[in-house]
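Numbering (our numbering), first residue to last: 1 to 144. For glycine and all other residues, C-beta sits at the position ideal for the given N, C-alpha and C. Computed from a predicted model, the values in this text were never measured in an experiment. Written below as structure tokens is the structure these notes are about.
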């Protein structure tokens, strides 16, 4: 009986050392000049007072429409902030639109968020609002 309990405890100890959750990218050591940073976007509805149920989210960087998984290549010797434009659109006969900017620190690992309010512009719910939280994560995924 003691042997069985010891084996179960030992197995539990080994399993507790196994990593759980997000796996990190392993980048080989070497002499690199540039980092490749990946952006991931997430949306979360904070509130919605009869504004609508059909939503779209558009992200832009340097005038280009981007999506989650977009990468930025930048010198490893500098630290900069990049601006990501965000548009939240409620799609119906007369679209409600809210815009904002996510400021992104380009670094090995980072995160941040902003809130964007969309206001109903016409109809019986004119003036009602919906609030969205837009978050982003940055991760160094490669070097060159």
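- Residue 121 and residue 98 do not touch by the CB rule: their CB atoms are close to 11 angstroms apart, not below 8 angstroms.
- The beta carbons of residue 51 and residue 114 sit about 18 angstroms from each other, so the pair does not count as a contact at 8 angstroms.
- For residue 92, the CB contacts under 7 angstroms within the same chain, skipping 5 residues up- and downstream, are 52, 54 in chain order.
- Following the DSSP letters along the chain, one finds residue 42 inside the beta strand (DSSP E) bounded by residues 34-48.
- Apart from the 5 residues on each side of it in sequence, residue 101 sits with its Cβ closer than 8 angstroms to the Cβ of 83, 84, 85, 86, 114 in its chain, given in chain order.
- Checking the DSSP bridge columns, you'll see residue 139 partnered with 38, 109.
- Considering only 39, 124, 34, the residue with the shortest C-alpha distance to residue 73 is 34.
- In this structure, residue 41 places its C-beta atom within 8 angstroms of the C-beta atom of residue 136.
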